[in-house]
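For the sequence shown, my numbering gives the first residue as 41, with consecutive numbering after it.
The C-beta atom is built at its ideal place from N, Cα and C for all residues, glycine as well.
Take a look at the structure set out below.
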Amino acid sequence: MKDSCVLYQFQYKKAKETLAVLEKQKAQIDFNLKTNPICSILHKELRTVNLNIKITENEIEHTKSAILKYESKNDFSIKETQP
41 MKDSCVLYQF QYKKAKETLA VLEKQKAQID FNLKTNPICS ILHKELRTVN LNIKITENEI
101 EHTKSAILKY ESKNDFSIKE TQP
C-alpha cells in the first residue's frame, strides 16, 4: 500500500510540473493572440492547452485525494493500535 502512495506522490509532482509548463504555453498563446486575434491556429492551440490544463488539474485533484486518503487511513490505524 505504501508503494501506491509513493506512486501517487510522484504523479502529483509530475502533474504540478506539467501544469506549470501548460500555463506558460497558455500565456504565450494569449500573448500571440493579442497581436493576431483572428488566427484560427492559435485559437485551436488555446483550446487544446485549456483542455490539457483541465485534465492535469483533475489529475492533481485525484492524486491529492488518494494521498490524503492513504494518510488518513494510516493515522487512523495508528490511533487504533495505541492504548
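Within 10 angstroms of its Cβ, does residue i collect 16 or more other Cβ (buried), or is it exposed?
| i | result |
| --- | --- |
| L47 | exposed |
| A55 | buried |
| T103 | buried |
| I78 | exposed |
Round the Cβ separation of residue i and residue j to the nearest angstrom and send it over; I've been treating them as touching at under 8 Å.
| i | j | result |
| --- | --- | --- |
| I93 | L62 | 5 Å |
| I107 | Q65 | Not confirmed; about 27 Å, so no contact. |
| L59 | L73 | No, L59 and L73 are not in contact; Cβ-Cβ is about 21 Å, not under 8 Å. |
Just how far apart, CA to CA, sit residue i and residue j?
| i | j | result |
| --- | --- | --- |
| Q51 | E97 | 12 Å |
| F71 | L82 | 10 Å |
| C45 | S80 | 43 Å |
| I95 | I69 | 19 Å |
| N114 | A67 | 41 Å |
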